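Structure record follows, encoded as structure tokens.
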Amino acid sequence: MRGTRFLAVFLAISLLSFAPIAEADNDTASANGLTNGVSSNGYVCSNDGCAPTDETDWWKIYGYKGDIIQIGFSGSMNNPAWWCPGDGWEADFSIHDSQGSQISIQALDDSSSSTTLSTTLSTGGYVYAKIKGKNSWCNDGLDYTLTPSINQANRDTDEDGFIDTDDACDTIQGTSTNDRMGCPDTDSDGWSDPDGGWGSANGADAFPTDSSQWLDSDNDGYGDNLNGYQGDHCPYRRGYSDNDRFGCLDSDGDGWSDADPGGLDGVENWYAHPVGMADAFPFEASQWNDTDSDGYGDNWANGNWNETRENWSIGIWYGNATEPDACPFITGSSSEDRFGCPDGDADGWSNPDANWTASDGADAFPENPTQWSDRDRDGWGDNQSEGALQVDDFPDNPSQWLDTDGDGWGDNQSYGATQVDDFPLIPSQYRDTDGDGYGDNITGFEADVCPNSSVEEVESGWISWADRLGCLDSDMDGYSNPDLFWVSHPDGFADAFPNDLSQWHDTDKDGFGDNVEYFDGDTWREAWRGDGCVATAGESTMDRWGCPDFDEDGWSDPTTHWLASPGGIADAYPEDSTQWHDRDGDGRGGG
């Protein structure tokens with residue numbers, strides 16, 4: 001019996017030595033995957049009682065930097081040998097890094113069948129678990145269960161030193177620490193680069209390539225850090241100055257900031273030139289410095305000044321410089337002949353000096369504020385303004401000096417005088433060539449439209465005064481005779497009846513005048529052939545003048561206001577030229 005048992009054991013062992021070997025998960029390259037929190041089962045067997053033989057299993061689970069990975073192991077005997085009382089199992093459980101290097105190992109058997117191994121990742125990668133069965137007494141088969149867990153509290157997915165719960169860009173490496181943690185920071189100033197969801201308004205670096213600047217509170221392109229590159233002197237007031245200081249209000253856009261003596265907009269009090277460096281002319285782009293503080297700028301536009309001014313090291317040539325100071329080192333108020341030079345009488349014209357005389361434009365009367373020029377050299381000033389003293393009304397005519405009506409023609413009518421005024425009290429008239437009392441100046445008061453009337457016309461009183469002045473008026477009713485360029489009424493304004501002093505207008509152009517009566521200078525009189533229908537052309541002559549007469553018998557057609565015979569005197573038979581009255585109203589003409 002004892003020999004029989006030995007033989008059975010021997011045969012079993014011999015048969016098992018020829019069992020197939022499973023190698024699908026026998027190394028890290030073929031390791032099976034584990035899922036966080038999900039248990040996975042396996043089987044290993046070193047040698048005895050194995051079918052198939054699978055001495056080693058590898059498993060893997062992925063983690064990120066900072067993760068604490070724990071893998072719990074629990075094993076049990078797969079197939080204890082019936083002929084081997086107390087048969088048990090033995091195995092090694094170990095974990096390895098992503099390179100396969102062992103981190104820790106635990107020897108286990110049926111008396112100590114479970115354990116947990118853990119590791120904290122210093123970089124992202126796989127953690128491998130290895131279960132290796134050992135050759136023990138009798139059968140060696142082992143069933144096991146692996147249960148992984150990952151503590152992600154300190155995970156740093158992008159391995160930039162910021163754990164994911166703090167990292168605003170947890171999948172992109174970054175070093176920013178100020179506006180948000182762990183995002184790209186090109187200039188390494190601690191402020192993150194802006195991206196699609198995080199702009200400078202959120203706190204991102206307004207200057208991502210300039211390590212000395214990061215914030216631009218007023219969005220003017222100049223950073224708030226005064227000590228950084230192009231630091232904004234007015235960080236909370238948008239401005240674009242870039243000459244005297246950066247980022248402050250520059251009203252005229254010349255690069256020089258507006259003065260801020262109270263420091264209301266900037267980080268300090270800022271005064272205008274020459275006390276400080278601010279723009280002395282904040283609304284004039286061609287000027288900014290004023291060395292002598294007289295209100296006229298140091299820049300110049302006249303190229304002839306270049307050589308002298310460049311030696312003075314003051315101002316610059318500027319093509320359209322406004323009101324350049326001709327005396328930049330001497331305070332002055334002149335503004336007429338040149339800007340910014342002394343002006344003793346304050347009339348705007350500068351005092352003459354060795355380089356600038358009256359012939360150049362300096363003041364010819366430096367002590368008389370009302371005069372500065374004397375062209376005809378008669379000692380009387382050319383300025384004719386009201387209130388001026390020593391006024392020469394004719395600065396280029398030594399024979400005239402007084403002009404009462406101010407029309408440019410002199411009151412002096414002495415022999416040999418020129419520019420003599422025929423109308424010394426009428427400013428708009430000065431000549432009357434034909435002597436009719438109307439001036440030759442067509443744009444002046446009572447202008448003569450016909451300035452060359454004959455002596456006979458003037459002496460006879462045949463001069464118009466109503467429609468136009470100074471032209472021939474044969475009937476002396478005030479309305480001029482028509483001519484080629486001045487046609488009669490109603491096409492024009494000339495006398496439609498040039499030989500009848502009682503008529504001048506003919507609105508309906510029918511040859512009968514519009515006047516029913518006229519004033520002859522003493523009394524009202526009946527006008528000749530006054531039109532009874534002023535606005536309607538007609539040829540009637542019997543009952544009334546100038547009204548419609550269809551049958552041309554001389555009697556006008558009746559209207560609602562001009563009744564036919566016998567109720568009135570209009571034509572009772574307007575379509576019958578042989579009848580016009582029906583005195584008895586019987587419908588038959590009564591002649």
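In my numbering, the protein residues as written are 1 to 591.
By construction, the Cβ of each residue, glycine as well, lies at the ideal position given by its N, Cα and C atoms.
Since the model is a prediction, treat every value here as computed from it, not as a measurement.
Own chain partners of residue i with C-beta closer than 8 Å, once the 5 adjacent residues on each side are dropped
| i | result |
| --- | --- |
| residue 36 | 61, 148, 149, 150 |
| residue 100 | 28, 128 |
| residue 525 | 502, 517, 518, 519 |
Exposure of residue i, with buried meaning 16 or more beta-carbon neighbours within 10 Å
| i | result |
| --- | --- |
| residue 476 | exposed |
| residue 10 | Only weak support is given to the placement of residue 10: the predicted model assigns it a pLDDT of 38, under 50, and the question is left unresolved by the model. |
| residue 503 | buried |
| residue 497 | buried |
| residue 320 | exposed |
| residue 102 | exposed |
| residue 273 | buried |
| residue 44 | buried |
| residue 107 | exposed |
| residue 14 | Here residue 14 scores only 39 on pLDDT, less than 50, and its place in the model should not be relied on; the value that follows carries that caveat. It is exposed - the Cβ of residue 14 has fewer than 16 other Cβ atoms within 10 Å. |
| residue 509 | exposed |
| residue 377 | exposed |
| residue 155 | buried |
| residue 111 | exposed |
| residue 83 | exposed |
| residue 215 | buried |
| residue 316 | exposed |
Beta bridge counterpart(s) of residue i as assigned by DSSP
| i | result |
| --- | --- |
| residue 69 | 119, 150 |
| residue 50 | Paired residues: none, contrary to the question. |
| residue 525 | 518 |
| residue 142 | 44, 77 |
| residue 128 | 60, 96 |
| residue 181 | 167 |
| residue 392 | Paired residue(s): none; residue 392 is not in a bridge. |
| residue 112 | 109 |
| residue 530 | 513 |
| residue 439 | 447 |
| residue 463 | 472 |
| residue 570 | 564 |
| residue 365 | Paired residue(s): none; residue 365 is not in a bridge. |
| residue 324 | 297 |
| residue 410 | 420 |
Bounding residues of the alpha helix (DSSP H) (the contiguous stretch that carries residue i)
| i | result |
| --- | --- |
| residue 309 | 306-312 |
Helix, strand or coil at residue i [DSSP, three-state]
| i | result |
| --- | --- |
| residue 456 | helix |
| residue 11 | With a pLDDT of 35 at residue 11, under the threshold of 50, the modelled position of that residue is not reliable, and the figure given next carries that caveat. Residue state, collapsed to three classes: helix. |
| residue 346 | coil |
| residue 31 | coil |
| residue 303 | helix |
| residue 133 | strand |
| residue 270 | strand |
| residue 257 | coil |
| residue 200 | coil |
| residue 226 | coil |
| residue 86 | coil |
| residue 174 | coil |
| residue 317 | strand |
| residue 417 | coil |
| residue 23 | A caution first: residue 23 carries a pLDDT of 43, below 50, which makes its placement in the model too unreliable to give a value. |
| residue 220 | coil |
| residue 555 | coil |
| residue 279 | strand |
| residue 580 | coil |
Delimiting residues of the beta strand (DSSP E) encompassing residue i
| i | result |
| --- | --- |
| residue 509 | Careful: residue 509 lies outside any beta strand (DSSP E) and carries neither H nor E. |
| residue 58 | 56-63 |
| residue 102 | 102-109 |
| residue 40 | 40-44 |
| residue 95 | 90-96 |
Cut-off 6 Å between Cβ atoms - residues of its own chain near residue i, not counting five sequence neighbours on either side
| i | result |
| --- | --- |
| residue 47 | 135, 140 |
| residue 22 | No answer about residue 22 holds up, because its pLDDT of 35 lies below 50 and its placement is not dependable. |
| residue 175 | 185 |
Residues of its chain near residue i, where Cβ-Cβ distance is below 7 Å and the 5 sequence neighbours each way are ignored
| i | result |
| --- | --- |
| residue 130 | 56, 58, 94, 96 |
| residue 440 | 431, 432, 433, 448, 451 |
| residue 209 | 186, 187 |
| residue 424 | 404, 405, 411 |
| residue 365 | 371, 372, 381 |
| residue 271 | 259, 261, 278 |
| residue 177 | 190 |
Residue i CB to nearest heavy atom of the ligand COA below 7 Å
| i | result |
| --- | --- |
| residue 143 | As far as ligands go, the structure on display features none, and thus does not contain the ligand COA. |
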